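What the sequence shown shows, in mature numbering (1 follows the signal peptide of the UniProt record, and there is no 0), is residues -18 to -1, 1 to 150, in sequence order.
One structure below.
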Amino acid sequence: MRHLLLVFVLLFATPTWAETRDPGNFFFQPKFGDLQADLQEAKKQGKKGVFLFFEQDACPFCERMKTTILNQSEVQDAFRAQFLLYPIDVNGDTEMTDFQGKATTEKDFAFSHRVRATPTLLFFDLDGKLVTRYTGPTKDKAELLLLGKYVAEGAYATQPFTKYKQVK
């Protein structure tokens, strides 16, 4: 009887862990600071666009997303298949080039896109046009995957994400 109980506990009470990997190495691509060139690279690779994750130091919601969602191999693989992925520091003085080829800093780029809270997730199409904005952390891995699918399918052109979620 005790053996049966042990088997039951091992089979049904043991959580199944998804594979996790460091988001710095497996979610985000290395930044070169030239979003205009990144658009060309995204086109060349057959991507749907560019995903920017606006963050700042000491942001608990950014950290939570990195340690519970962006570190999931399923999320990393799905997003890397569809988008080029870069973090942007909303307080950063790092120089960069925006989608139009204009020199700026990460901080000024964030301000020009009205990023006031972190994390903010912005998706740009292959012309550098902002197509989807999501402010705040996603609830979980499933919601972020659905958001990526929403953008990759082009559903943003016909309905807001809240409606898309209700249908799916």
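All C-beta atoms in this analysis are idealised placements derived from N, C-alpha and C, irrespective of residue type, glycine included.
As the structure is a computational prediction, the values presented were derived from the model and not from experiment.
With 16 other Cβ atoms within 10 Å as the buried cut-off, status of residue i
i           : result
ASP39       : exposed
residue 157 : It is not possible to answer for residue 157, since the shown part of the chain is limited to -18 through 150.
residue 158 : Residue 158 falls outside the range modelled here, since the chain spans only -18 to 150, and no answer is possible.
GLU1        : exposed
PRO142      : exposed
GLY74       : buried
GLY130      : buried
Contact set for residue i: own chain, Cβ-Cβ below 6 Å, skip 5 residues either direction
i      : result
LYS123 : ILE51, GLN54, VAL57
ASP16  : THR79
Proximity of residue i and residue j at Cβ, strictly below 8 Å
i      : j      : result
PHE33  : PHE8   : no
LYS30  : GLN64  : yes
VAL113 : TYR138 : yes
When the options are compared against residue i, the one with the closest alpha-carbon
i           : options                    : result
PRO96       : VAL72, GLN27, PRO5, LEU129 : The sequence given here has Arg at residue 96, not Pro. When only C-alpha atoms are compared, the closest one is VAL72.
residue 151 : LYS121, GLN148, PHE35      : This structure cannot settle anything about residue 151, because the visible part of the chain is limited to -18 through 150.
Same chain, Cβ closer than 8 Å to residue i, neighbours up to 5 away in sequence not counted
i        : result
LEU(-14) : In this prediction, LEU(-14) scores a pLDDT of 39, lower than 50, which makes its location untrustworthy; the coordinate-derived value is nonetheless stated afterwards. Contacts found: none.
THR86    : GLU77, MET78, THR79, ASP80, SER94
Any chain C beta carbon closer than 8 Å to residue i
i     : result
PHE36 : Here chain C cannot be found, since the structure has a single protein chain.
Cβ neighbours of residue i in the same chain (closer than 7 Å, five flanking residues each side left out)
i     : result
LYS48 : PRO5
Review point. Quick one: complete beta strand (DSSP E) runs, 3+ long, within the region 85 to 142?
Key: 85 to 87, 102 to 106, 112 to 117
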